[in-house]
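Visitor: Handing you a structure now.
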Amino acid sequence: MTVREIVRIGHPVLRQPARPVPPQEVGAAWVQSLIDDLIDTMRAACGAGLAANQIGEPVRVCVIEVGDNPRYPYKPRIPLTVLVNPELELLTDEVFDNYEGCLSVPDLRGVVARRVRVRVRALDRHGAPIDRVVEGLSAGTFQHELDHLDGVLFVDRVTDPHTLATWDEFDRRHREAFVHRVEALVARFGS
Ligand code: NI
Numbered sequence: 023m024t025v026r027e028i029v030r031i032g033h034p035v036l037r038q039p040a041r042p043v044p045p046q047e048v049g050a051a052w053v054q055s056l057i058d059d060l061i062d063t064m065r066a067a068c069g070a071g072l073a074a075n076q077i078g079e080p081v082r083v084c085v086i087e088v089g090d091n092p093r094y095p096y097k098p099r100i101p102l103t104v105l106v107n108p109e110l111e112l113l114t115d116e117v118f119d120n121y122e123g124c125l126s127v128p129d130l131r132g133v134v135a136r137r138v139r140v141r142v143r144a145l146d147r148h149g150a151p152i153d154r155v156v157e158g159l160s161a162g163t164f165q166h167e168l169d170h171l172d173g174v175l176f177v178d179r180v181t182d183p184h185t186l187a188t189w190d191e192f193d194r195r196h197r198e199a200f201v202h203r204v205e206a207l208v209a210r211f212g213s
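Start counting the sequence shown at 23; every next residue gets the next number (my numbering).
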């Protein structure tokens, strides 16, 4: 159980497409301890998710969890989810404007268009298949984490740079309108 250092934008490992875990190795000690470190590091940093590249390991593993999160108090809960070799399928063209932040991009937020419904297929930490449709704001969280495994950061997807804001300016100027939009989304999808 180790809280690892989170690498920051500018480090090439964040831009490196992560390599798949050989399925027969999911139970191996190196994968299990990587998963434990991701969970500990995500929780210590109050993140909603963390991908292995963000702790310097370009391997297709990420974790997602939203409880009572002080960084994102408006986010609906997502129970701890470990995704090994996840694949994303976009189930709709409909998008919503998500104001995103990232532990690897300190003190910056920006609006990214995310699909409202996606399908995620992966293995869990025991090697059992996961096949889940994720909707609403939670779908944005999954898309953000899976992007990391392809070497993509949210700043790459910000279509209007005028939306970029520090966390302080987000709270001061953009938060209220965003939370209104989020509430409508969560009311519609329940997630
Ligand atoms: Ni991130």
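Glycine included, every Cβ here is placed at the ideal spot set by N, Cα and C.
Quick one: what's got a C-beta closer than 6 Å to ASP146's C-beta in the same chain, skipping five residues either side?
Guide: Closer than 6 Å at Cβ, skipping near neighbours: VAL104, ILE152.
Visitor: Give the single residue among ILE57, VAL180, ALA40 whose Cα lies nearest to the Cα of ASP24.
Guide: The question names Asp, but residue 24 is Thr in the sequence shown. Checking every option, the nearest Cα to that of THR24 belongs to ILE57.
Visitor: Check whether the Cβ of HIS184 lies closer than 7 Å to any heavy atom of the ligand NI, and answer yes or no.
Guide: No - the ligand NI has no heavy atom lying nearer than 7 Å to the Cβ of HIS184.
Visitor: Does at least one heavy atom of the ligand NI sit under 7 Å from the Cβ of LEU125?
Guide: At least one heavy atom of the ligand NI is nearer than 7 Å to the Cβ of LEU125, so yes.
Visitor: What are the start and end residues of the beta strand (DSSP E) that includes THR103?
Guide: From DSSP, the beta strand (DSSP E) with THR103 extends over 100-112.
Visitor: Can you determine whether any heavy atom of the ligand NI sits closer than 7 Å to the C-beta of HIS166, and answer yes or no?
Guide: Yes, the Cβ of HIS166 comes within 7 Å of a heavy atom of the ligand NI.
Visitor: Using a Cβ-Cβ cut-off of 8 Å (strictly less than) and excluding sequence neighbours within five positions of GLN38, which residues of its own chain qualify?
Guide: So the qualifying residues of the chain are ASN75, PRO80, GLY173.
Visitor: Quick one: measure Cβ to Cβ for VAL177 and GLY123, integer angstroms, because I've assumed they're closer than 8 Å.
Guide: Not a contact, Cβ separation roughly 10 Å.
Visitor: Can we say the segment 103-117 touches the segment 186-193, given the rule of at least three CB pairs closer than 8 Å?
Guide: Not touching, per the Cβ criterion.
Visitor: Do ARG30 and PRO128 have their CB atoms nearer than 8 Å?
Guide: Against a cut-off of 8 Å, the Cβ pair of PRO128 and ARG30 comes out as a contact.
Visitor: Between TYR121 and ASP182, what straight-line distance do the alpha-carbon atoms span, to the nearest angstrom?
Guide: Rounded to the nearest angstrom, the two C-alpha atoms are 12 Å apart.
Visitor: Could you pull the DSSP bridge partners for ILE86 from this structure?
Guide: Answer is GLY71, THR103.
Visitor: Please state whether DSSP places GLY162 in a helix, a strand or coil.
Guide: GLY162 falls in the helix class under three-state DSSP.
Visitor: If you compare alpha carbons, which of VAL48, LEU175, LEU125, VAL117 is closest to VAL65?
Guide: Position check: residue 65 holds Arg in this sequence, whereas Val was assumed. Per the Cα distances, LEU125.
Visitor: Compute the Euclidean distance between the alpha carbons of LEU207 and GLN165, then round it to the nearest angstrom.
Guide: Those two C-alpha atoms are separated by around 16 Å.
Visitor: Ignore the nearest five residues each way along the sequence and tell me which others in SER160's own chain have a CB closer than 7 Å to its CB.
Guide: The residues are PRO98, ILE100, SER213.
Visitor: Report the residue from ILE28, ARG179, GLU167, GLY32 whose alpha carbon sits nearest the alpha carbon of VAL83.
Guide: Of ILE28, ARG179, GLU167, GLY32, the residue nearest in Cα terms is GLU167.
Visitor: Any heavy atom of the ligand NI closer than 7 Å to the beta-carbon of HIS33?
Guide: False, no ligand heavy atom lies under 7 Å from that Cβ.
Visitor: Count the other CB atoms, across all protein chains shown, that sit within 10 Å of the CB of GLY89; report buried if there are 16 or more and exposed otherwise.
Guide: Label assigned to GLY89: exposed.
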